[in-house]
Amino acid sequence: MDRNDTRPAASVQGLSIEQDGFLLGEISSPRMAGQEGTLSFTISDATGKPVTDFEPSHDKKLHLIVVRTDGTQFRHVHPALDALGVWSLPWKWNAAGSYRVYADIVPAATGQNITLTRTVQAAGEFAPATPAPISAVDTVDGYNVDLTGTLSASEQAMLTVSVSREGEPVTTLQPYLGSYGHLVALREGDLAYLHVHPEGEEPRPGAVSGPDVTFMTEAPTPGRYLLYLDFQVDGQVHTAQFVLTATGLATSADPGEPAEHSGH
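Residue numbers for the sequence shown follow this note's numbering, so the first one is 22 and each next one is one higher.
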């Protein structure tokens with residue numbers, strides 16, 4: 022499995038369009054919610070040239086995370102890269118609003134994992150969502166997903182998710198992105214992107230596991246965090262969502278004020 026992230030566990034990213042000389046370009050996408058189209062962008066280096074050489078991380082050269090700024094409408098997808106350095110995929114905004122778009126990449130020039138972000142507006146009639154309550158349980162597509170463990174801003178901690186269906190443990194979790202689950206955490210408010218690393222060895226092709234998947238994490242600051250778990254059963258990816266509160270003191274890895282970012 023690709024476990025080559027070298028940042029400290031509490032490293033926060035996803036607050037800027039630029040990092041380490043790499044820039045996330047303007048994002049082209051359908052203007053209106055409900056409109057079919059294409060989402061596309063480039064990532065350029067310090068010379069302004071689009072980058073085409075990336076190292077795989079968790080089985081993909083780019084993870085595109087999209088979420089509305091109220092924490093709803095989460096999507097984790099993998100666009101295609103062409104020879105000119107343009108990433109693209111078919112796209113439709115399912116609801117109007119302001120969205121954060123994160124590009125999680127490892128440029129081959131540095132070998133370091135970085136996360137760049139922009140804000141995109143989807144026009145249309147906005148329907149606000151009720152803030153999600155603190156919850157470590159979720160039900161998605163008939164699966165019950167429980168999260169145990171404490172999110173702490175002062176030390177690394179292990180989070181364990183357990184998947185069941187109709188009261189029975191699910192033991193047929195399939196490998197997805199180099200693990201039996203992929204977990205994204207966003208800090209409520211500024212939506213800083215926190216990498217959460219799966220524990221254990223890379224699954225063998227065709228292997229299954231369950232019902233538990235474990236992750237090691239450390240929050241940079243106290244407060245509420247939005248967590249999104251992708252897991253796969255019978256070739257279908259499901260996404261469970263949680264809201265946790267991190268306790269403890271802020272860590273030195275937190276950058277403080279978010280960097281200014283712009284949107285399309």
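The beta carbon of each residue, even a glycine, is placed where N, CA and C say it ideally should be.
All figures in this text were calculated on a predicted structure; none of them were measured in a lab.
Taking 7 Å as the cut-off, the Cβ atoms of Val-264 and Leu-250 do not count as close.
In this structure, the alpha-carbon of Gly-221 lies about 13 Å from that of Leu-180. Taken through DSSP and simplified to helix, strand or coil, Phe-75 comes out as strand. Within the region 143-212, complete beta strand (DSSP E) segments of at least 3 residues are found at 158-161, 164-169, 178-186 and 203-208, given in chain order. With a cutoff of 7 Å on beta-carbon distance, Gln-253 and Tyr-197 are scored as near each other. The C-alpha of Gly-202 lies about 8 Å from the C-alpha of Pro-219. In the structure shown, Asp-233 falls within a strand segment according to DSSP collapsed to helix, strand and coil. For Ile-64, the enclosing beta strand (DSSP E) starts and ends at 58-65. With a cut-off of 8 Å on Cβ pairs, the region 158-167 is in contact with the region 182-196, counting three or more such pairs. Counting the other Cβ atoms within 10 Å of the Cβ of Ile-48 gives 16 or more, which makes it buried. Non-local beta-carbon contacts of Gly-269 in its own chain, meaning distances under 8 Å to residues more than five positions away in sequence, involve Ser-173, Ala-174, Ser-175, Glu-176, Ala-240 and Pro-243 in chain order.
By the neighbour-count criterion, in which a residue is buried when 16 or more other Cβ atoms sit within 10 angstroms of its Cβ, Gln-257 is exposed.
Residues of the same chain with a CB within less than 6 Å of the CB of Leu-212, apart from the 5 flanking positions on each side, are Arg-121 in chain order. Taken atom to atom, the span from the alpha-carbon of Pro-232 to that of Gly-199 is near 17 Å. For Leu-45 against Ile-64, the beta-carbon gap comes to about 6 Å, under 8 Å, which counts as contact.
DSSP, read as helix, strand or coil, puts Gln-253 in strand.
For Ser-37, no beta strand (DSSP E) segment is defined, and its DSSP state is neither H nor E. In this structure, the beta-carbon distance from Phe-75 to Ala-129 falls below 7 Å.
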